[in-house]
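Scroll down for the structure; my scribbles are underneath it.
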Amino acid sequence: MIGRNKVRTIHDAATLQYANGKSVARRTIGSGRFSPYIGFHIEAGRDAALDEALRDAGISQCEIKHQRPGGAEVIKHWDFGESIELYPITSGPVATTVAGSLAGGNARETASSGIGLRWANGERSKLAVRGFLRPLVKVGYLRLVQFSVRSRMTDELLKALLDHGRVCELADHLIDRTTHAEPVTFHEIALPLGPGEETEWGKGDTATVIPVVSYHPPAVDQAYILERWRPETVHEAALREWEGIQLWAREYALQSDERNPQGDEAAIATVGG
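Under my numbering, think of the first position of the sequence shown as 599, with each following residue one higher.
What follows is the structure, encoded as structure tokens:
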């Protein structure tokens, strides 16, 4: 029997970005000096409901100076500071490296895991994951955000996701199994992300970069897991979004910079290939 398809919907996601010290910003709107900026941000003024939720969450604004052909452009962003907590909706990496995640059948498995990953010939690697931001969840706003990185930062985000998987496995032995019989999945614990140690990237002329890393501690206990445990609303929303996220990840893998000349992460400065 051939059957009949049901139209699947991919919901839009707000773009969450990370500045690794190569961008400049000022935290006083309209005045003050621009200085090197490290932190997570979402562009303001793109969605009225999102802007209102971010105000309710107490997120402040900053101005980031973006270099454009012919000059610079100053754009307002919501400034989350140097660290965030994200409930990532993915079943987790299938390999420990970006190259391994795309090798053979792993490319298909990576997309099925809800991780957007691509690395076409002559282009930089790109990795993206979708989920819910904890500050927005706390004010009852459940909208997907898409956190995207490129080039060598893809290795760093993959490491952070692998570390989150480690904590989820530890949580299997710390939660109440009478109320949660299934393995702990990635969206059930908030993943803390922030700047790592300053490092030099590139060959020849290197550049100083602050990579994004997981802030999970080496050892975790039940109190740590419970403090970062998802609300029931996050779990329900993640299950609703899961099929659409898998479909998005498959389409993300097929995109190229030829279709999107500025790239998903045009405002994120990275170094290397």
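Where a beta carbon is used, it is the ideal one built from N, C-alpha and C, also for glycine. Because the structure is a prediction, the values reported are computed rather than measured.
Under 8 Å between the Cβ atoms of residue i and residue j?
{"i": "isoleucine 687", "j": "alanine 836", "result": "yes"}
{"i": "alanine 758", "j": "valine 811", "result": "yes"}
{"i": "arginine 748", "j": "arginine 728", "result": "no"}
{"i": "arginine 732", "j": "glutamate 683", "result": "yes"}
{"i": "glutamate 796", "j": "threonine 806", "result": "yes"}
{"i": "glycine 714", "j": "alanine 726", "result": "yes"}
Whole angstroms are fine: how far does the CA of residue j sit from the CA of residue i?
{"i": "leucine 639", "j": "alanine 821", "result": "First, the residue type needs correcting, since residue 639 is histidine and not leucine in the sequence shown. Between histidine 639 and alanine 821, the C-alpha separation is close to 29 Å."}
{"i": "proline 827", "j": "serine 710", "result": "Inspection of the sequence shows that residue 827 is occupied by tryptophan rather than by proline. Cα to Cα, tryptophan 827 sits roughly 24 Å from serine 710."}
{"i": "alanine 646", "j": "histidine 762", "result": "32 Å"}
{"i": "threonine 694", "j": "serine 629", "result": "45 Å"}
{"i": "isoleucine 679", "j": "methionine 599", "result": "According to the sequence provided, residue 679 is glycine. The question's isoleucine does not apply to it. The straight-line gap from Cα to Cα measures roughly 54 Å."}
{"i": "phenylalanine 745", "j": "arginine 602", "result": "34 Å"}
{"i": "serine 854", "j": "lysine 724", "result": "10 Å"}
{"i": "aspartate 774", "j": "threonine 783", "result": "15 Å"}
{"i": "leucine 612", "j": "isoleucine 843", "result": "Checking the sequence, you will find alanine at residue 612 rather than leucine. Going from the Cα of alanine 612 to the Cα of isoleucine 843 covers about 14 Å."}
{"i": "aspartate 610", "j": "proline 691", "result": "23 Å"}
{"i": "leucine 700", "j": "glutamate 849", "result": "14 Å"}
{"i": "asparagine 719", "j": "lysine 674", "result": "34 Å"}
With burial defined as no fewer than 16 other Cβ atoms inside 10 Å of the residue's Cβ, what is the status of residue i: buried or exposed?
{"i": "aspartate 838", "result": "Here residue 838 is arginine; the residue named in the question, aspartate, does not match the sequence. Label assigned to arginine 838: exposed."}
{"i": "serine 681", "result": "exposed"}
{"i": "arginine 750", "result": "buried"}
{"i": "alanine 817", "result": "exposed"}
{"i": "leucine 755", "result": "buried"}
{"i": "leucine 734", "result": "buried"}
{"i": "glutamine 665", "result": "exposed"}
{"i": "leucine 852", "result": "exposed"}
Give the secondary structure of residue i by DSSP, where H, G and I count as helix, E and B as strand, and everything else as coil.
{"i": "leucine 715", "result": "strand"}
{"i": "aspartate 677", "result": "strand"}
{"i": "threonine 806", "result": "strand"}
{"i": "glycine 702", "result": "coil"}
{"i": "lysine 620", "result": "strand"}
{"i": "arginine 666", "result": "strand"}
{"i": "alanine 726", "result": "strand"}
{"i": "alanine 697", "result": "helix"}
{"i": "proline 686", "result": "strand"}
Am I right that residue i and residue j are in contact with their C-beta atoms under 8 Å? What's the rounded C-beta distance?
{"i": "glycine 643", "j": "alanine 617", "result": "That belief does not hold up - the Cβ atoms of glycine 643 and alanine 617 are roughly 18 Å apart, past 8 Å."}
{"i": "histidine 785", "j": "tyrosine 685", "result": "5 Å"}
{"i": "valine 566", "j": "aspartate 654", "result": "Because the chain in this structure spans residues 599 to 871, residue 566 falls outside the shown range and cannot be described."}
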